[in-house]
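Residue numbers (our numbering), protein chains in the order written: chain D, 1 to 170; chain F, 171 to 340; chain G, 341 to 510. Where a beta carbon is used, it is the ideal one built from N, C-alpha and C, also for glycine. Only a predicted model underlies this, so the values are computations on that prediction, with no experimental measurement involved. A quick write-up on the structure given underneath.
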Amino acid sequence: MNSFPPSENEVEIRYKKLDREAEEGGYHLNPDREFTKNLVKGLLVNEKRFGYLSCPCRMSWGNREEDRDIICPCDYRDPDLDQYNACYCALYVSDAVLQKKVLVSSIPERRPPRSERKAVAQQEPVPGTGKQLPFPVWRCRVCGYLCARETPPLVCPVCKATKDRFERFM
Amino acid sequence: MNSFPPSENEVEIRYKKLDREAEEGGYHLNPDREFTKNLVKGLLVNEKRFGYLSCPCRMSWGNREEDRDIICPCDYRDPDLDQYNACYCALYVSDAVLQKKVLVSSIPERRPPRSERKAVAQQEPVPGTGKQLPFPVWRCRVCGYLCARETPPLVCPVCKATKDRFERFM
Amino acid sequence: MNSFPPSENEVEIRYKKLDREAEEGGYHLNPDREFTKNLVKGLLVNEKRFGYLSCPCRMSWGNREEDRDIICPCDYRDPDLDQYNACYCALYVSDAVLQKKVLVSSIPERRPPRSERKAVAQQEPVPGTGKQLPFPVWRCRVCGYLCARETPPLVCPVCKATKDRFERFM
């Protein structure tokens, strides 16, 4: 991890690690290996520069606190996968893309402008105050896995059941 | 994925995928490889015919909505593993079966008749209405994993702790 | 699993299994292989003697019920990883140790004395009685994973996001 730019070998090792982690959790890297390795290279450049995997397709502030939501995988990956079958960079794609049932098209930026992000961070929910939950909780009907997000995941990370096997739990 | 019936190679590839996914989540395929590959072949036949992995041991309606609960892994696998050490097809077995501590015997059909399934779907819980949770929530004492099901899983999918390491959480 | 003490081959097989399970869940075994294999050997000795993986660095009562909290991975691993970058035995270490950013030092025993453990077991929370939750619930901002523990995990077991990507959910 000393050379700059990252060596081909570093890119290859990280690519394999990210691919394995993605598959274990029910996610998929873009099957276009050259495209994907180029993004991985961008991630490694950012890691060397900033100390964390800042999104290669977005401007970094060089400050982990400010960039926390765009450390890859970013906070917006899963909603984008749900709505557009790919994340903003198209580093992660849905199973439907992998199966060539849909094509990846242009994905609009979902990240709110900086002023709104700051406002959201300040109105952080206060747990235990009887207020409503900040996200719905989904339950996998197969294995009981619970997660809190706008919509269920495309695939259950535990048993790989598909999105339509989830039900609203809380 | 074009030939019909599925080729031996297609069966082998899917078998390996299902085996890997099972082990990652703390599940196990039946160690009798010939028996298991025959079930995988049945799954692939159904996938080609209906477009989804309908249970090879049950009658399919050929309609994803009607068959949603018997798409493999089915909604009944985990309760059957808990009670009988195997799912209805014996495609999935418990660790106790793998260790030859127990034998798989005949497993009664847990799936309710069609009329009852429809009734259950209509009385779907309304979250946020202060009603009781539809399933108890279990917590792994080791890693904090939460899941909602009748009984805890045989093995924690995250840290592989056994069932007796879970406690009721909600 | 018949010889006593465990053969080198048995140790090697179990070592690989534990290593794979650790990595899949976002944990890491100690990279010092000789040290780690010695602990694995101790675990296997305990498994043969008691029937479960009692912690090799603690006294066992030879009774699963009494030792439940020290079956490896023990109930104390994750708080120790969080605070000391390693579990009591140093079988499991944090990513920071793996990256040689911190060194493992001596870890105090976190397990309460037997009398306190018994008292805690008796005041088990009664779910559904409107009482406060026994642990805070954390949510991964990336994938929505939920877990209940004193602090968030060092790494999300589903999407491998780091601890600072978690927020308090309940």
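Would the beta-carbon of F:F262 fall within 7 angstroms of that of F:I277? On the second sequence, position 92 is the one that residue 262 of chain F refers to. On the second sequence, position 107 is the one that residue 277 of chain F refers to. The sequence given here has Tyr at residue 262 of chain F, not Phe. No, the Cβ-Cβ distance between F:Y262 and F:I277 is not below 7 angstroms.
Contact list for the stretch 20-34 of chain D against chain G, Cβ threshold 7 angstroms: E21, E24 and G25
Closer than 7 angstroms between beta carbons: that is the criterion. Which residues of the stretch 490-504 of chain G meet it against chain D? V498, C499, K500, A501 and D504
Take the Cβ of D:R141 as the centre, count every other Cβ of all protein chains shown within 10 Å, and call the residue buried at 16 or more, exposed below. Start at 1 with the first residue of the first sequence, and residue 141 of chain D comes out as number 141. When all chains shown are included, D:R141 counts as buried.
By alpha-carbon positions, which one of F:Q269, F:E279, F:D265 and F:K270 ends up nearest to F:C244? Here residue 244 of chain F refers to the residue found at position 74 when the second sequence is read from its first residue. For F:C244, the nearest C-alpha among the options comes from F:E279.
Using a Cβ-Cβ cutoff of less than 6 angstroms, which residues in the same chain neighbour D:C147 once the five nearest sequence positions on both sides are dropped? Locating residue 147 of chain D in the first sequence gives position 147, where the first residue counts as 1. W138, listed in sequence order.
I need the straight-line Cα distance from F:L251 to F:K330, nearest angstrom please. On the second sequence, position 81 is the one that residue 251 of chain F refers to. On the second sequence, position 160 is the one that residue 330 of chain F refers to. About 16 angstroms.
Would you mind reading off the limits of the alpha helix (DSSP H) that contains F:F205? On the second sequence, residue 205 of chain F is found 35 positions in, with the first residue counted as 1. F:F205 -> alpha helix (DSSP H) spans R203 to F220.
Using DSSP's beta-bridge definition, name the partner residues of G:L393. Residue 393 of chain G sits at position 53 when you count from the first residue of the third sequence. Per DSSP, G:L393 has no beta-bridge partner at all.
Decide if the stretch 184-200 of chain F is in contact with the stretch 225-233 of chain F; the criterion is three or more beta carbon pairs, one per stretch, under 8 angstroms apart. no
Since D:A96 is in the alpha helix (DSSP H), which residue starts that stretch and which ends it? Mapped onto the first sequence, residue 96 of chain D falls at position 96. Residues D95 to L98.
With a 10 Å radius around its C-beta and 16 neighbouring C-beta atoms as the bar for buried, classify F:R203 as buried or exposed. Here the question's residue 203 of chain F lines up with position 33 in the second sequence. With fewer than 16 Cβ atoms within 10 Å of its Cβ, F:R203 is classed as exposed.
D:V155 in three-state terms, based on DSSP: Taking the first sequence and counting its residues from 1, the one referred to as residue 155 of chain D is at position 155. Strand, per DSSP.
Measuring only the C-alpha atoms, how far is D:K37 from D:E23? Walking along the first sequence from the start, residue 37 of chain D turns up at place 37. Walking along the first sequence from the start, residue 23 of chain D turns up at place 23. Rounded to the nearest angstrom, the two C-alpha atoms are 16 angstroms apart.
Less than 7 angstroms between the beta carbons of F:V325 and G:P497, yes or no? Taking the first residue of the second sequence as position 1, residue 325 of chain F is located at position 155. Taking the first residue of the third sequence as position 1, residue 497 of chain G is located at position 157. Contact flag unset, no.
F:A256, DSSP secondary structure in three states: Sequence index remark: in the second sequence, residue 256 of chain F carries index 86 (1-based). F:A256: strand per DSSP, three-state reduction.
For F:L223 and F:R247, the rounded distance between their alpha carbons: On the second sequence, position 77 is the one that residue 247 of chain F refers to. On the second sequence, position 53 is the one that residue 223 of chain F refers to. Roughly 14 angstroms between the two C-alpha positions.
Please report the residue range of the beta strand (DSSP E) in which G:L486 lies. Along the third sequence, one-based indexing puts residue 486 of chain G at 146. Unbroken beta strand (DSSP E) run through G:L486: L486 to A488.
Residues bridged to D:I172 by DSSP? Examination of residue 172 of chain D is not possible in this model, given that chain D is present from 1 through 170 alone.
For D:F135 versus D:R149, is the C-beta distance shorter than 7 angstroms? As a first step, residue 135 of chain D is located in the first sequence; it is residue number 135 there, counting from the start. As a first step, residue 149 of chain D is located in the first sequence; it is residue number 149 there, counting from the start. The answer is yes: Cβ separation under 7 angstroms.
Please report the straight-line C-alpha distance between F:A341 and D:P6, rounded to a whole angstrom. What the structure shows of chain F is the stretch from 171 to 340, and residue 341 of chain F is not part of that stretch, so it cannot be assessed.
What three-state label does DSSP hand D:E24 in the structure shown? The residue you call residue 24 of chain D lines up with position 24 of the first sequence. If DSSP states are grouped into helix, strand and coil, D:E24 belongs with the helices.
Contact set between G:P448 and chain F, taken where Cβ atoms lie within less than 7 angstroms: One-based indexing of the third sequence puts residue 448 of chain G at position 108. Here the premise fails: no neighbours, minimum Cβ distance about 19 angstroms.
Please name the residue or residues paired with F:F336 in a DSSP beta bridge. Indexing the second sequence from 1 puts residue 336 of chain F at position 166. Note: F:F336 sits in a beta bridge opposite F:C310.
Beta-ladder partner(s) of D:Y76, from DSSP: Counting from 1 along the first sequence, the entry for residue 76 of chain D is found at position 76. None, per the DSSP bridge assignment.
For G:V442 versus G:A430, is the C-beta distance shorter than 7 angstroms? Within the third sequence, the letter at position 102 stands for residue 442 of chain G. Within the third sequence, the letter at position 90 stands for residue 430 of chain G. Cβ distance not < 7 angstroms, so G:V442 and G:A430 don't count as in contact.
Please state whether DSSP places F:L145 in a helix, a strand or coil. Look at the range of chain F in this structure, 171 to 340, and you will see that residue 145 of chain F is not part of it.
Taking CB distances under 7 angstroms as the criterion, tell me whether F:F339 reaches chain G. Your numbering for residue 339 of chain F matches position 169 in the second sequence. It does: the Cβ of F:F339 has a partner Cβ on chain G nearer than 7 angstroms.
Determine which residues of the stretch 60-76 of chain D have a Cβ less than 8 angstroms from any Cβ of chain G, and write them out in chain order. R64, R68, D69, I71, P73, C74 and D75
Whole-Å CB distance - F:E180 paired with F:L214, under 8 angstroms assumed: On the second sequence, residue 180 of chain F is found 10 positions in, with the first residue counted as 1. On the second sequence, residue 214 of chain F is found 44 positions in, with the first residue counted as 1. So it is a contact: roughly 6 angstroms between Cβ atoms.
On the three-state DSSP scale, how would you describe F:L273? In the second sequence, counting from the first residue as 1, residue 273 of chain F sits at position 103. Of the three classes helix, strand and coil, the one that applies to F:L273 here is coil, per DSSP.
Which of helix, strand or coil does DSSP assign to G:L369? Numbered from 1 along the third sequence, position 29 holds the residue referred to as residue 369 of chain G. DSSP places G:L369 in strand when its eight states are reduced to three.
From G:K388 to D:C72, what does the alpha carbon distance come to, in whole angstroms? The sequence position of residue 388 of chain G within the third sequence is 48, counting from 1. The sequence position of residue 72 of chain D within the first sequence is 72, counting from 1. When rounded, the distance between both Cα atoms is 44 angstroms.
When we look at the beta-carbon of F:K211 and count the other beta-carbons within 10 Å, is it buried (16 or more) or exposed? Along the second sequence, read from residue 1 onward, the residue named residue 211 of chain F stands at position 41. Taking all protein chains in view, the Cβ of F:K211 is crowded by 16 or more other Cβ atoms within 10 Å, so the residue is classified as buried.
What number of angstroms, rounded off, separates the C-alpha of D:L39 from the C-alpha of F:K186? Taking the first sequence and counting its residues from 1, the one referred to as residue 39 of chain D is at position 39. Taking the second sequence and counting its residues from 1, the one referred to as residue 186 of chain F is at position 16. C-alpha separation (whole angstroms): 29 angstroms.
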